[in-house]
Structures are given as C-alpha cells and as structure tokens.
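> My questions all concern the structure below.
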C-alpha cells in the first residue's frame, strides 16, 4: 500500500504521527462518553422509597385508660325474710317494675295475725285499767285521814277562838292570867294535832296515788310492747321492696317453703349501672374520681359516665386497683352481669399537635423520631418528644409544627438508612388510601 508501513509484530499498517494523534483523541472522547453514561446510569439507580405521609394537625387528644369490667346494679336488694313460713301469695314476676314499699310476696301468717289481734286487745284492756286507776275514788284509809284533818282543824279553830277571847277578857280584868295560859296550851296542842293529821293525809295521797298509777302504767306498757312485737312478727310475713327498681329473681311459688337464709325476692335499681374494673397501679395513678368515662357494651355503643371510686388499696390477689365507673341506663341496654369495655379519660388536650403513631420511630436508646418529608419530597430525620398516645394517634410536644408532613408507612426503612444514603433517596408518595378506623393502642 502506498503511504503505509507494515508493523512487523502485527502485520497491520503503521500509522503516521499525525494520524496516531487523531486516533488517540477519538479514543479519549469515547471513554469520556462512556464514563458519563455510567454516571447517569448510577444516578438513575438511586434508591426510590414509596411511603405514606400524614400531615401534622391540631386536634383534641385524650389520655385514656382502657380496661375490661363487669356491670353491677347501682342498688340491689336480695330480700331474706325474718321468719320461716310457706309462700301464700306471689304478687310479682321477673321484670316487674316496683316502687319502694310495694308488697311483693306474702307468707302464711294466720297464726301471727291471731297473736297480733290478741296482743292488741290486751293492750287496750291495760290502757283502760290505767285510765280507770287515774280517775279512781279515794281509798278508805285516805278518807279516814281526811276526817282526822277536818276534826283537828275544827279543834284548832275552837282553841284559837278561846285563846283570843281570854286574851281580851284579861285586858278587861275579867279572867286571870292563868286562864289565858291554859288557853294558850290548848291552842298549841290543837296546832300540833292538826299539822300531824295534815302531813299524814298528804303522805297517803302521794304514795297511794303514785303507786297505783305506776302499777297501771307498767301493765299498760307491757301490753303495748307485746302488741308491737306480735304486729312486727306479722309484718315480717309481708315482703315489701326497700327500693325502686325491677324484680330480677323470685324463685318460690305459693305453697313452697323458702330455705332458711335464702332470698325470696331480688330487686335491682338498673337506672344507673356500675362497671367494676381493675387497672394497674400506674394507670390508677393517672385517674381520679370525677373523671369522664365511657362504658361500651356488646353493641359497641359508648355510654357516657364518670369514675366514682378509685380504691385506696390494692387487690391482694392481683396487686391491681379496683375502679368503679357509673353510667346512666335509662334505656336498659346495659344489664347487670354483662362484660363491658371501660374507657376512663385521665386527661384531655384540646389543641394538641397530633400525628399517627405509625409515624413515630423509637431508637434502641429510647429516643423518638419522625421522618419529615419536605415540599420537594426529600426525607429528613427529626427528633421529637411524644406525649399522649391514644387510639392510633400521638401527641407531639416538641419537634414538629402544624402543617408539616411525616412519613408513616415506610418511615422505619428510611430511619434505618445511613444519613449519607438518606440524602440520595428519592421519596415517592403513595396514593391516598381510604381512611380506616384506627386500632386501639
């Protein structure tokens, strides 16, 4: 070939110096293009993470203590009769609404009715005896004492006149002074006799009357006590309701003999129910009597109530604290003995910064973080302080502002990344899902 020299090793034509330099330049350009393509390929392979995001909102959140409980009636009367006798009449059935004092059941009481009638008659007789005694005539001894007083008074009056007359005659010189002295002695004796007779009469009157009245009164009072006792025994055969409520049990029928110590009727006031539950010591420290609460039955409809009792002592068997929640039950949908869920609201924050609990990532040290997604869909790790957690939501007390977006699904994968790698991540926002009911936390 003209203008070419052969390479002795390869047998290929040898290039001239100018041609060699041009070829080297082409090779360098090709290498550069290849490197750029490789870099672009690397950039195209930067990790893409699909996440769900949720806004930081201002909302009400409640610190709620949840527990299972059992319902009890606000008041319950399991009526046990004081006497043992067969059932004579049954006036109510299960479900009958009754008022306090209403007759529910009557036991056989013919013998008691007879005893009560006899006791009343005895009392009336004793009462009549007392009234007769209080109006009785004066006894004979008292009459004699009265005659003695009258006689002594007459003698005293006569001695008084004689003494006065002789004193007047002595002034006229018609009698001697001895006659006056004799009259004075007689008058003095008459005074003593009269006072003695009067004192005896007064003693007889006081003693005799008091003793007679006391004896009559004692008989009357004894008869009255017996009458009241028999009347009470009769009343025990009439079973009445001590409260307003509904009959929940009446196990005996006419002719049956109730067992000793067994209730014959049970009445419950179910207009209010009490849910008794047990919570941990830590949860008990968060709630107090008067806190709002919800009682949720099998129909999942909450009934608003309030905490009435937080036990001051632990249950010795479970080391938990018993708590009572009272709720209205006007419709009767809550029944004593029913198992329910109880929600006790320990604290309410009306305007809290709230995010889903799924957006919170906890580090091994216990610190809490969220992944904030900015407007350019770039993720950033942000340390936050968390307050109340409730029903799939959490209160953020520090670290976020209202309106920011936080990653929920996918947040943990982003948190695990190296900070340098996180900067290169491309975040893809997942399509919005239909809102679901949050699960209880």
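Residue numbers (the numbering used here): -1 to 439. Virtual Cβ for every residue (Gly too), placed ideally from N, Cα, C.
Per DSSP, what kind of secondary structure is residue 260 in: helix, strand or coil?
Note: residue 260 maps to coil in three-state DSSP.
> Please give me, in chain order, every unbroken run of the beta strand (DSSP E) with length at least 3 that falls completely inside the segment 46 to 112.
Here the runs fully enclosed are 46 to 49, 51 to 53, 55 to 77, 85 to 88 and 101 to 105.
> Report the three-state DSSP secondary structure of residue 338 (helix, strand or coil).
Three-state DSSP puts residue 338 in a strand.
> Assuming residue 279 is part of the alpha helix (DSSP H), what are its boundary residues?
Counting along the chain, the alpha helix (DSSP H) containing residue 279 begins and ends at 279 to 282.
> Express the C-alpha separation of residue 60 and residue 379 in angstroms, rounding to a whole number.
Roughly 27 angstroms separates the two Cα atoms.
> Could you work out which residue in 406, 258, 311 and 397 is closest to residue 354 when comparing CA atoms only?
Comparing Cα-Cα distances from residue 354 to each of 406, 258, 311 and 397, the minimum goes to 406.
> Can you look up residue 329 in the DSSP assignment and give me helix, strand or coil?
It is coil, neither helix nor strand.
> Does DSSP put residue 298 in a helix, a strand or coil?
If DSSP states are grouped into helix, strand and coil, residue 298 belongs with coil.
> What's the C-alpha gap between residue 29 and residue 400?
Any reading at residue 29 is ruled out, since the residue's pLDDT is 44, under 50, leaving its predicted position unreliable.
> So, with DSSP's three-state summary, where would you put residue 426?
Residue 426 falls in the strand class under three-state DSSP.
> How would you label residue 255, buried or exposed, when you count the other beta carbons within 10 angstroms and need 16 or more for buried?
Flag for residue 255 reads exposed.
> Taking residue 445 as part of the beta strand (DSSP E), name the residues at either end of that continuous run.
The first residue shown for the chain is -1 and the last is 439, placing residue 445 beyond what the model contains.
> Exposed or buried, residue 72, counting other C-beta atoms within 10 Å across all chains shown (16 or more means buried)?
When all chains shown are included, residue 72 counts as buried.
> Since residue 240 and residue 98 are thought to touch, with beta carbons under 8 angstroms apart, how far apart are those beta carbons, to the nearest angstrom?
The pair is a contact, with the Cβ atoms about 6 angstroms apart (cut-off 8 angstroms).
> State the Cα-Cα distance for the pair residue 330 and residue 268, rounded to the nearest angstrom.
Those two C-alpha atoms are separated by around 7 angstroms.
> Go ahead and label residue 307 buried or exposed: buried means 16 or more other beta carbons lie within 10 angstroms of its beta carbon, across all protein chains shown.
Classification for residue 307: exposed.
> Using three-state DSSP, classify residue 419 as helix, strand or coil.
Reduced to three states, the DSSP call for residue 419 is helix.
> Under 8 angstroms: does the beta carbon of residue 401 sit that close to some heavy atom of the ligand HEM?
Ligands are entirely absent from the displayed structure, and the ligand HEM is therefore not among its contents.
> Please tell me whether residue 391 and residue 344 are closer than 9 angstroms, where the distance is taken between their beta carbons.
No, the pair does not count as a contact, with Cβ atoms beyond the cut-off.
> Would you please state the rounded distance, in angstroms, between the beta carbons of residue 426 and residue 48? I believe it to be under 8 angstroms.
Yes, they are in contact, since the Cβ atoms of residue 426 and residue 48 sit about 5 angstroms apart, within 8 angstroms.
> In three-state terms, what does DSSP make of residue 192?
Residue 192: helix per DSSP, three-state reduction.
> Would you mind stating whether residue 262 and residue 248 have Cβ atoms separated by less than 9 angstroms?
Contact: yes.
> Less than 8 angstroms between C-beta atoms, sequence neighbours within five positions excluded: which residues of the same chain meet that for residue 158?
Taken in chain order, the residues that qualify are 185 and 188.
> Indicate whether residue 318 and residue 277 have their beta-carbon atoms separated by less than 9 angstroms.
Yes, the Cβ-Cβ distance between residue 318 and residue 277 is below 9 angstroms.
> Does the beta-carbon of residue 393 have 16 or more other beta-carbons within 10 angstroms, so that it is buried, or is it exposed?
Answer is buried; the Cβ neighbour count reaches 16.
> For residue 355, does the three-state DSSP call read helix, strand or coil?
Three-state DSSP puts residue 355 in a helix.
> Of the choices 395, 388, 423 and 418, whose alpha-carbon is the least far from that of residue 374?
It is 423 whose Cα lies nearest to the Cα of residue 374.
> Mind the definition here: the segment 115 to 123 touches the segment 219 to 227 only if three or more C-beta pairs lie below 8 angstroms; say whether that holds.
Output reads yes: the segment 219 to 227 touches the segment 115 to 123.
> My understanding is that residue 346 touches residue 58, with C-beta atoms under 8 angstroms, so please give their C-beta distance in whole angstroms.
Yes, they are in contact, since the Cβ atoms of residue 346 and residue 58 sit about 7 angstroms apart, within 8 angstroms.
> Out of 105, 397 and 338, which one is the CA nearest neighbour of residue 385?
The shortest C-alpha separation from residue 385 is found at 397.
> Looking at the secondary structure, which residues open and close the beta strand (DSSP E) in which residue 392 lies?
Per DSSP, residue 392 belongs to the beta strand (DSSP E) from 391 to 396.
> On a Cα-Cα basis, can you pick out the residue from 258, 102 and 83 that is closest to residue 92?
The shortest C-alpha separation from residue 92 is found at 102.
> If residue 79 and residue 250 are in contact, beta carbons under 8 angstroms, what's the gap, nearest whole angstrom?
Actually they are not in contact, since the Cβ atoms of residue 79 and residue 250 sit about 10 angstroms apart, beyond 8 angstroms.
> Helix, strand or coil: which one does DSSP assign to residue 221?
Three-state DSSP puts residue 221 in a helix.
> Ignore the nearest five residues each way along the sequence and tell me which others in residue 419's own chain have a CB closer than 8 angstroms to its CB.
Only 45 meet the Cβ criterion.
> In the DSSP assignment, find the beta strand (DSSP E) that holds residue 409 and state where it starts and stops.
That residue, residue 409, is in no beta strand (DSSP E); its alpha helix (DSSP H) goes 409 to 414.
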